[in-house]
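See below for the structure under consideration.
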Amino acid sequence: MPFRLYNTLSNTVEDFRTIDSGKVRMYACGPTVYDYGHIGNFRTFVAVDILFRFLKLSGYSVHYVMNITDVDDKIIHNAGSPDIAAVRHYTDKFSNAFFEDSKALNIDPPQFVRATDHIQEMAEFIAELEAKGLAYRAEDGSYYFRIAKFPPYGKLSKRDFAGMEDGARVDVDEYDKDNARDFALWKAPKPGEASWETKIGPGRPGWHIECSVMSMEELGESFDLHAGGEDLIFPHHENEIAQSEGLTGKPFAHFWFHSRFLLVEGEKMSKSLGNFYTLRDLVLKGYKPSAIRFLLTSVPYRNQLNFTFDGLQQATASVERLRNFYALVSNPPKSTKPDATSLAPLAAETKDRFMQALGNDLNTAEAIGAIFEMVRVANAAINAGNWKLDTDQKPLLDVMNTFDAVFAVLKDDDAAKINSIVAWAKIEGREIAPELLAATANQLSDADVEAKIAMMEAARKSRDFKSSDAIRGELTAAGILVEITKEGIRWRRK
RNA sequence: GGCGCGGUACCCAAGUGGUAAGGGAGAGGUCUGCAAAACCUUUAUGCGUCGGUUCGAUUCCGACCCGCGCCUCCA
């Protein structure tokens, strides 16, 4: 069963093949660290994470590299100092925030590479392009890529530049470019701006060069997969191809993976529309990281996802349902009927459907659907005692663990993640939803909860329901879900 | 203007040339001291509109309406 994956380069779904059998080398364009990551950024990073996790689940060994863009015009401007250390200090803050947010969303960490750690290699790369006639130096010391020397230019974004002639449309502001379409490889410093000394002179890299240099350095001149948001198709990825293939004459990335933008409440997210949310904003409004991740993954990556608060609420309920089932199977009622039907075939079939759905260009919606169908049938069977605990428990858990190896929402660790974001918000003086503040203040340790549960048990034994209910009320207020079953009280964190 | 994507029930959403997965929400019920969880029943003769092809279309074709994206630095 081949993995079918859409390739932007061919505009079709193809059988996924790797250069080296069993190994995947992939690269994703990461964040530009000038601010906190927003929910749109994370749609892409979560989508690539699903891809990464599915490849591993399918048995590939995956070398996955993501860049951190810690130098660009906005960063240089915001850092407000010609001192490189000051720039680094500024970007450290946001790259660390990005790592924390990624962790909150259970994004499996790739190998991170930072642009400013590779400045000299970039200068070398540009010098080689110049030697091949693909780049030229402008009067001010900036370098540009000469698009006219790379005929395939436009093959990824399906743009036709054939009619373009050197010097045909020169922008008055960019008089030093030979052609308006030529893009910057290297920017000469302006007074007061941070810059690096290199063999091609002082300055800072253009946007695209870092990805060509770092991806080829880590993964080789040709590698399997290159990922990013759809907006990167042009010009960023087109330019990466031009630089890389122009220099090596070999195919750069074989598969190009792009995730579609999300909408927020039906509109493109933007600060002016007031629908711009960072991950932290959402957590501080009281939404759980697991629910956010689930919503982000529940719509296949090539479809537009309309991110709404109603949707977040629904995702919260869906995750709850899955966790309830996982808890039930992990700690099931012991009594089963002697003539019970086994659930093992259902588990096997579900796992199969799950893998096939993901294998079909990562159809996450269908994969989730398969899981929920199993959950419904198995819930009914288990509650009726109509299953074989000894032989069925393991396969059912196995399916759920397989699901979680990709979706990563079952593990009950939201509280800790929320706590650290709340702690950050207090220091930064950010607004925190009152209910969230109350819930974090009321938090109980496992031992506290166990003690209260024991008190509940005792009260119930003497049929003192009033006390029992009072304790349950306290626990509920602290975010503890209490279930009274025939075989004792079961609890977990909501 | 160029290129591209989509319009499926109250909401989210998959899917197929033969008659609509799944989740959420709502209503009723079972269970329970009460809850919670779970289960059962229920909610699209219908898949933007109008034509066409076909024995048959939501699925193919055409037109139209609506929404959205990219077109030099926004994931």
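Mapping of the first sequence onto our numbering: position 84 corresponds to residue 459, and the numbering continues sequentially without gaps. Glycine included, every Cβ here is placed at the ideal spot set by N, Cα and C.
With H, G and I counted as helix, E and B as strand and the rest as coil, what does DSSP make of G863? In the three-state DSSP reduction, G863 falls in the strand class (E or B).
Alpha helix (DSSP H) segments (min. 4 residues) lying fully within the stretch 654-735: The qualifying runs are 654-659, 664-673, 684-705, 719-734.
Nearest residue (CA-CA) to A791, options L819, D553, Y701: Ranking L819, D553, Y701 by Cα distance to A791 puts L819 first.
In or out: T716 buried (at least 16 other Cβ within 10 Å) or exposed? Per the 10 Å Cβ criterion, exposed.
S436, enclosing beta strand (DSSP E) - first and last residue: DSSP places S436 in the uninterrupted beta strand (DSSP E) bounded by 436-443.
Are there 16 or more other CB atoms within 10 angstroms of the CB of D546, so buried, or fewer, so exposed? At D546 the pLDDT is 42, less than 50, meaning the model places this residue with poor confidence; the figure from the coordinates comes in the next sentence. Around the beta carbon of D546, a 10 Å sphere encloses fewer than 16 other beta carbons of the protein chains shown; the residue is thus reported as exposed.
For L622, which option in V408, R489, A461, M497 has the closest C-alpha, if you only look at C-alpha atoms? Ranking the options by Cα distance to L622, first place goes to M497.
Burial state of E464, where buried means 16 or more other Cβ atoms lie within 10 Å: Reading off the sequence, residue 464 comes out as His, not Glu. Classification for H464: exposed.
Through-space distance from P457 to E549, alpha-carbon basis: Any reading at E549 must be qualified, since the residue scores a pLDDT of 48, below 50, and its modelled position is unreliable; no value is offered.
Alpha carbon of L718 to alpha carbon of K646, nearest angstrom: Distance between the alpha carbons of L718 and K646: 50 Å.
Considering Cα atoms alone, identify which of D773, T725, E596 is closest to R751. Check the Cα spacing between R751 and each of D773, T725, E596: the tightest is with T725.
Three or more C-beta pairs closer than 8 Å, one from the stretch 667-675 and one from the stretch 688-699: is that the case here? Taking 8 Å as the limit for Cβ pairs, the verdict is that the stretch 688-699 does touch the stretch 667-675.
Identity of the residue in I793, E642, A783, N738 nearest R698 by Cα: Looking from the CA of R698, the closest CA among I793, E642, A783, N738 belongs to A783.
Going by other Cβ atoms of all chains shown within 10 Å of its Cβ, with 16 needed for buried, is S795 buried or exposed? Exposed: under 16 other Cβ atoms inside 10 Å.
Under DSSP, the beta strand (DSSP E) around F598 begins and ends at which residues? Note, F598: beta strand (DSSP E), 598-604.
If you reduce the DSSP assignment to three classes, tell me which class W762 lands in. Correct three-state label for W762: coil.
For S619, which three-state DSSP category applies? In the structure shown, S619 sits in a helix (DSSP, three-state: H, G or I).
Based on DSSP bridge pairs, tell me the residues matched to G624. Listed as beta-bridge partners of G624 by DSSP are no residues whatsoever.
Helix, strand or coil, according to DSSP, for H629 in the structure here? Per DSSP, reduced to three states, the secondary structure at H629 is strand.
Residue(s) in a DSSP beta bridge with P580: DSSP lists W561 as partners of P580.
Which class does D839 belong to by DSSP, given the choice of helix, strand or coil? Here DSSP, grouped into helix, strand and coil, assigns D839 to coil.
Pair within 9 Å by beta-carbon distance, E862 and K709: For E862 and K709, yes; Cβs fall inside 9 Å.
P632 classed as buried or exposed, judged by whether at least 16 other C-beta atoms fall within 10 angstroms: The displayed chain sequence assigns Phe, not Pro, to residue 632. Buried.
What are the residues that DSSP puts in a beta bridge with Y519? By DSSP's assignment, Y519 forms a beta bridge with Y511, A559.
Buried or exposed for F684, please, with buried defined as at least 16 other CB atoms from any protein chain shown within 10 angstroms of its CB. Result: exposed.
Length of the line joining the Cα atoms of G538 and H601: Here G538 scores only 48 on pLDDT, less than 50, and its place in the model should not be relied on; the value that follows carries that caveat. The alpha-carbon separation between G538 and H601 amounts to approximately 29 Å.
Return the CA-CA distance between G837 and G804, expressed in angstroms with no decimal places. Per the sequence presented here, residue 837 reads as Ser, with Gly not at that position. If I take the Cα positions, the gap works out to 48 Å.
Counting Cβ pairs, one atom from each stretch, are 3 or more of them under 8 Å apart for the stretch 507-524 and the stretch 818-832? These segments do not touch.
Does DSSP classify E613 as helix, strand or coil? E613 falls in the helix class under three-state DSSP.
Proximal residues to Q679 (C-beta, below 8 Å), its chain only, five neighbours per side dropped: Non-local C-beta neighbours of Q679 in its own chain, meaning closer than 8 Å and more than five positions away in sequence, comprise R635, F636, L637, L638, ordered along the chain.
Under 9 Å between the Cβ atoms of S597 and F627? With contacts defined as CB atoms closer than 9 Å, S597 and F627 qualify as a contacting pair.
Given this structure, state the Cα-to-Cα distance separating K398 from T419, to the nearest angstrom. Between K398 and T419, the alpha-carbon positions lie close to 23 Å from each other.
Should V421 be labelled buried (16 or more other beta-carbon atoms within 10 Å of its own) or exposed? The residue in question, V421, is buried, as its Cβ has 16 or more Cβ neighbours within 10 Å.
Since A563 contacts G578 with CB under 8 Å, what's their CB separation in whole angstroms? About 5 Å separates the beta carbon of A563 from that of G578, a gap short enough to meet the 8 Å contact definition.
Does DSSP classify T466 as helix, strand or coil? DSSP places T466 in the helix class (H, G or I) of the three-state scheme.
Please determine, among A834, D844, C404, V658, the residue with the shortest C-alpha to C-alpha distance to T815. When only C-alpha atoms are compared, the closest one is V658.
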